[in-house]
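Here our numbering is used: the first residue of the sequence shown is 10, the next is one more, and so on.
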Amino acid sequence: MIVRVKIAEIAVRRKSGLLVTVGLGSCVGVALYDKISKTGGMAHILLSDSTLFNGRPQNLLKFADTALPLMIDKMLKQGALKKEIIAKIAGGSQLFNFNVLGGISENSVGQKNILAVKKVLLTEGIPIIGEDVGGNFGRTMKLDVDSGKVEVTSLKGYIKEF
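Here it is in structure tokens:
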């Protein structure tokens, strides 16, 4: 079964299925996997920090600081063990260069998303064992829940498996 994970969504599967998210530009795709229980999760993170918005955001799945803990909790409820969960991430591009001086801006949405995802995973004690981040191009990310393998296809024409 193929499950498409759209912008500001999460999905969790156990033992089988393919989790797929497309259109990762400045957004970051996060694949979490527990190989013992064969439980996988995927998030399509749109923005870094929910606290930068006034009041409570309507969709907590947009943000790294809220979506990832919710996905981890959902995985645990389906049988994953937190100490067994590993992460693989992709995306965080800077598709448009608004930096007057040229080059990649350290304050781009993509860079902020990458840093926020890494901070949450570090806080949660989940190691990142593979990544394909940055640049100025889009990506598609797939997680095979049976094997834990992640495939990232870029608009630059390469395919990376990890």
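By construction, the Cβ of each residue, glycine as well, lies at the ideal position given by its N, Cα and C atoms.
Given the structure is predicted, the values throughout are model-derived calculations rather than measurements.
| request: Compute the Euclidean distance between the alpha carbons of S35 and T132, then round it to the nearest angstrom. | output: Working through the sequence shown from its first residue, we reach residue 35 at position 26. Working through the sequence shown from its first residue, we reach residue 132 at position 123. Answer to the nearest angstrom: the Cα atoms are 22 angstroms apart.
| query | Along the chain, where does the alpha helix (DSSP H) that runs through A125 open and close? | reply | Taking the sequence shown and counting its residues from 1, the one referred to as residue 125 is at position 116. Residues 118–133.
| Member of V31, Q87, T48, G119 whose CA lies at the smallest distance from the CA of F105 | On the sequence shown, position 96 is the one that residue 105 refers to. For F105, the nearest C-alpha among the options comes from G119.
| Backbone secondary structure at L56 - three-state DSSP | Start at 1 with the first residue of the sequence shown, and residue 56 comes out as number 47. In the three-state reduction of the DSSP assignment, L56 falls in the strand class, which pools E and B.
| task | Sort T48, D43, G101, K83 by Cα distance to V31 and report the nearest one. | result | Mapped onto the sequence shown, residue 31 falls at position 22. Comparing C-alpha distances from V31 to each of T48, D43, G101, K83 shows the shortest one belongs to G101.
| L27, enclosing beta strand (DSSP E) - first and last residue | Working through the sequence shown from its first residue, we reach residue 27 at position 18. In the DSSP annotation of this structure, the continuous segment of the beta strand (DSSP E) that includes L27 starts and ends at 27–33.
| said: Measuring only the C-alpha atoms, how far is V154 from M10? | reply: Here residue 154 corresponds to residue number 145 of the sequence shown, with the count starting at 1. Here residue 10 corresponds to residue number 1 of the sequence shown, with the count starting at 1. If you take the alpha carbons of V154 and M10, they lie about 10 angstroms apart.
| task | Classify D155 as helix, strand or coil using the three-state DSSP reduction. | result | Here residue 155 is taken as the residue at index 146 of the sequence shown, counted from 1. If DSSP states are grouped into helix, strand and coil, D155 belongs with coil.
| request: Report the three-state DSSP secondary structure of M51 (helix, strand or coil). | output: Counted from its first residue, the sequence shown places residue 51 at position 42. Here M51 sits in strand by DSSP.
| For T75 and K127, the rounded distance between their alpha carbons | Residue numbering aside, residue 127 sits at position 118 when the sequence shown is read from its first letter. Residue numbering aside, residue 75 sits at position 66 when the sequence shown is read from its first letter. K127 and T75: Cα-Cα distance of roughly 13 angstroms.
| query | How many whole angstroms separate the CB atoms of L85 and K91, which I take to be in contact at a CB cut-off of 8 angstroms? | reply | Within the sequence shown, the letter at position 76 stands for residue 85. Within the sequence shown, the letter at position 82 stands for residue 91. That belief holds up - the Cβ atoms of L85 and K91 are roughly 6 angstroms apart, short of 8 angstroms.
| Near K24, which residues of its chain fall below 6 angstroms by C-beta distance, leaving aside the five closest residues on each side in sequence? | The residue given as residue 24 occupies position 15 in the sequence shown. Taken in chain order, the residues that qualify are K47.
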